[in-house]
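There are 2 protein chains.
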Amino acid sequence: MPPENLFEESADDTRTAIMEATYRALTEYGYAGLTIQRIADKFEKSKSLLYHHYDGKDDLLVDFLEFVLDYAESNVPRSGDEPAPRRLTAFLDSVFPPDPTTDDEFVGVFVQLRAQAVQDDAYECHFTQSDRYFRQHVAGIIEDGIEEGTFREVDAEQSAAFLVSLVNAALTERTTTDDPDALRAVRAEVDDYLETRLFANDRRRDR
Amino acid sequence: MPPENLFEESADDTRTAIMEATYRALTEYGYAGLTIQRIADKFEKSKSLLYHHYDGKDDLLVDFLEFVLDYAESNVPRSGDEPAPRRLTAFLDSVFPPDPTTDDEFVGVFVQLRAQAVQDDAYECHFTQSDRYFRQHVAGIIEDGIEEGTFREVDAEQSAAFLVSLVNAALTERTTTDDPDALRAVRAEVDDYLETRLFANDRRRDR
Chain G
1 MPPENLFEES ADDTRTAIME ATYRALTEYG YAGLTIQRIA DKFEKSKSLL YHHYDGKDDL
61 LVDFLEFVLD YAESNVPRSG DEPAPRRLTA FLDSVFPPDP TTDDEFVGVF VQLRAQAVQD
121 DAYECHFTQS DRYFRQHVAG IIEDGIEEGT FREVDAEQSA AFLVSLVNAA LTERTTTDDP
181 DALRAVRAEV DDYLETRLFA NDRRRDR
Chain V
1 MPPENLFEES ADDTRTAIME ATYRALTEYG YAGLTIQRIA DKFEKSKSLL YHHYDGKDDL
61 LVDFLEFVLD YAESNVPRSG DEPAPRRLTA FLDSVFPPDP TTDDEFVGVF VQLRAQAVQD
121 DAYECHFTQS DRYFRQHVAG IIEDGIEEGT FREVDAEQSA AFLVSLVNAA LTERTTTDDP
181 DALRAVRAEV DDYLETRLFA NDRRRDR
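As given, the protein sequences belong to chains G and V, one line each in that order. Residue 120 in the UniProt record's numbering sits at position 120 of the first sequence, with consecutive numbering throughout. Residue 43 in the UniProt record's numbering sits at position 43 of the second sequence, with consecutive numbering throughout.
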């Protein structure tokens with residue numbers, strides 16, 4: 001689930017500069033076309049510096065995924081003032097827009113990198129951790145909502161796993177199929193699920 | 001959603017023999033390690049025959065995906081005798097087992113091939129069609145269930161899109177993460193969703 005504005009300001013340290021070069025090379029060439037040379041071409045410093053820091057393309061890419069996850073974690077809105085239903089809907093809107101466009105360069109790169117986890121344990125370890133992070137984030141919102149009375153007394157972890165799976169599917173379907181109507185149908189059913197299964201019936205007074 | 005028993009009997013025609021060789025090379029080497037030579041090594045006939053039929057690895061792999069989808073379509077149980085809730089649960093069990101093991105060679109290959117759709121229109125066209133086929137299959141079961149009174153009067157296409165997304169996510173998570181508990185939680189919530197949102201309350205008398 002890639003965040004927006006990852007490199008709004010220009011990089012002020014070597015790792016961030018490498019990450020920015022990686023990001024630009026990835027969106028241009030995709031995973032299959034990516035080489036250390038092509039990352040170096042986007043980078044003012046030397047290719048040997050990249051080899052000094054990383055064992056190769058996949059080692060660098062797993063570090064890139066950690067970098068993106070760290071950014072996402074440090075930029076999650078922590079507002080305790082907003083009611084939980086609104087926080088959950090805002091989170092879903094950011095990763096699974098109600099009117100999703102198919103195709104998105106960054107999301108596509110992410111889907112390609114995730115597929116590397118099928119055969120590479122370092123990628124698998126990263127995606128196990130990142131799915132877990134997003135599940136905990138969503139479960140935290142649901143638990144807050146149960147406490148404030150805006151959510152039903154559901155199994156927060158089970159509902160969170162369900163919602164994160166739906167987000168993962170939407171990211172994949174957005175970039176590997178061309179069917180915006182299907183994506184809109186899934187999101188509409190997600191909203192119905194929130195209304196009928198998660199949100200308390202009388203929560204509107206709390207909004 | 002790969003079917004079982006795809007090549008139970010040995011291939012009796014050239015295309016099926018090529019498909020079987022592709023399947024065996026894919027599960028051994030994965031997408032990245034696959035070459036026409038490695039497919040030819042699993043194949044009794046010549047490598048030039050492969051080049052005669054296909055423009056290259058990706059052309060062959062898209063045909064392989066069509067072959068698997070055709071097989072899945074022709075092997076879907078068409079029993080009109082079973083009540084719709086049981087048919088839907090049986091379909092889900094076959095692609096998203098209640099107690100899923102992480103890791104599955106064939107599913108992993110499928111996830112790798114799907115990621116090619118990010119940058120290759122022929123793969124994207126295939127996955128757009130195959131998701132559509134599975135949505136129509138699930139929507140058909142839901143419509144039958146509404147007619148026989150075992151399902152609520154839901155929007156069949158919207159519910160089907162939702163369930164197919166959950167299946168796609170489960171296939172991806174099974175092969176790119178190592179977290180069976182999370183998969184079990186998603187499936188448990190899928191079952192709760194079926195009971196509370198799709199199945200009619202009094203359907204038990206129809207089972």
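Where is the CB? At the ideal position from N, CA and C, for every residue including glycine. Fair warning: this is a prediction, and the values are worked out from it, not measured in the lab.
| Asked | Found |
| --- | --- |
| I want to see whether chain A comes within less than 8 Å of Tyr23 of chain V, judged by CB atoms only; does it? | Judged by its chain identifiers, the structure shown contains no chain A, and its protein chains are G and V. |
| Does the beta-carbon of Ala115 of chain V, which I'm using as the reference point, lie nearer than 7 Å to any heavy atom of the ligand PLP? | This structure does not include the ligand PLP; it has no bound ligands of any sort. |
| Measuring alpha carbon to alpha carbon, tell me which residue in V:Asn201, V:Asn168, V:Phe199 and V:Ala200 is nearest Val186 of chain V. | V:Asn168 |
| Using the C-alpha atoms, what's the distance from Val107 of chain V back to Ser130 of chain G? | 21 Å |
| Short of 8 Å in beta carbon distance, which residues of its chain neighbour Glu157 of chain V, apart from the five on each side in sequence? Order them along the chain. | Arg135 and Ala139 |
| Using a Cβ cut-off of 8 Å, which residues of the stretch 119 to 144 of chain V contact any Cβ in chain G, in chain order? | Gln119, Tyr123, Glu124, Cys125, Phe127, Thr128, Asp131, Arg132 and Arg135 |
| Rounding to the nearest angstrom, what Cα-Cα distance links Leu183 of chain G and Thr89 of chain V in this structure? | 23 Å |
| Rounded to a whole number of angstroms, what is the C-alpha to C-alpha distance between Asp104 of chain G and Leu113 of chain G? | 14 Å |
| Pull up the distance between the alpha-carbon of Glu20 of chain G and that of Phe7 of chain V, whole angstroms please. | 46 Å |
| Tell me the rounded alpha-carbon separation between Thr27 of chain G and Leu65 of chain V. | 26 Å |
| Taking the straight line between their C-alpha atoms, what separation do you get for Ser94 of chain G and Val154 of chain G? | 24 Å |
| Given this structure, state the Cα-to-Cα distance separating Leu49 of chain G from Ala200 of chain G, to the nearest angstrom. | 55 Å |
| Assess, as a yes-or-no matter, whether the stretch 169 to 178 of chain V is touched by the stretch 117 to 132 of chain G under the definition of 3 or more beta carbon pairs within less than 8 Å. | yes |
| Would you mind giving the Cβ-Cβ distance between Thr22 of chain G and Leu60 of chain G, rounded to the nearest angstrom? I have them listed as a contact below 8 Å. | 6 Å |
| Does the beta-carbon distance from Thr177 of chain V to Phe127 of chain G come in below 8 Å? | yes |
| Compare the Cα-Cα distances from Ala84 of chain V to each of V:Phe151, V:Glu189, V:Asp191 and V:Ser165 and report the closest residue. | V:Phe151 |
| When the Cα of Tyr54 of chain V is compared with those of V:Val190, V:Thr35 and V:Leu163, which residue comes out closest? | V:Thr35 |
| How about Tyr51 of chain G: is its C-beta nearer than 8 Å to some C-beta of chain V? | no |
| What separation, rounded to the nearest whole angstrom, lies between the Cα atoms of Ala72 of chain V and Ala72 of chain G? | 39 Å |
| If we ignore side chains and look at the alpha-carbon of each, how far apart do Phe43 of chain V and Ile18 of chain V end up? | 7 Å |
| Write down every uninterrupted run of the alpha helix (DSSP H) in the stretch 110 to 189 of chain V whose length is 4 residues or greater and which is fully enclosed by it, in chain order. | 121 to 148 and 156 to 176 |
| Answer with buried or exposed for Pro100 of chain G, where buried requires no fewer than 16 other C-beta atoms within 10 angstroms of its C-beta. | buried |
| Using the Cα positions of Ala32 of chain V and Glu82 of chain G, report the straight-line distance between them to the nearest angstrom. | 46 Å |
| Using a cut-off of 8 Å between C-beta atoms, extract the partners of Phe106 of chain V located in chain G. | Going along chain G, no residue has its Cβ under 8 Å from Phe106 of chain V, so there is no contact; the nearest lies around 11 Å. |
| Within 8 Å of any Cβ in chain G, is that where the Cβ of Ser48 of chain V sits? | no |
| Report the residue from G:Asp144, G:Val164 and G:Val190 whose alpha carbon sits nearest the alpha carbon of Ala161 of chain V. | G:Val190 |
| Tell me the DSSP secondary structure of Tyr193 of chain V in three-state form. | helix |
| Using the C-alpha atoms, what's the distance from Leu194 of chain V back to Arg86 of chain V? | 11 Å |
| Compute the Euclidean distance between the alpha carbons of Asp25 of chain V and Val111 of chain V, then round it to the nearest angstrom. | Reading off the sequence shown, one finds Ala at residue 25 of chain V, where the question assumed Asp. If I take the Cα positions, the gap works out to 16 Å. |
| Taking DSSP as the reference, what is the three-state secondary structure of Phe199 of chain V? | strand |
| Is the beta carbon of Lys47 of chain G less than 8 Å from the beta carbon of Gln37 of chain G? | yes |
| Evaluate Tyr51 of chain V with the Cβ neighbour count: other Cβ atoms within 10 Å of its Cβ, from every protein chain shown; 16 or more gives buried, anything less gives exposed. | exposed |
| Using beta carbons (cut-off 8 Å, strictly below), is Val186 of chain V in contact with chain G? | yes |
| Does any residue of chain G have a CB that is nearer than 8 Å to the CB of Arg161 of chain V? | Per the sequence shown, the amino acid found at residue 161 of chain V is Ala instead of Arg. Chain G contact via Cβ: present. |
| Could you check the C-alpha separation between Arg205 of chain G and Ser159 of chain V for me, to the nearest Å? | Confidence is the limiting factor: at Arg205 of chain G the pLDDT is only 47, short of 50, which leaves the residue's position unreliable and the question unanswerable from this model. |
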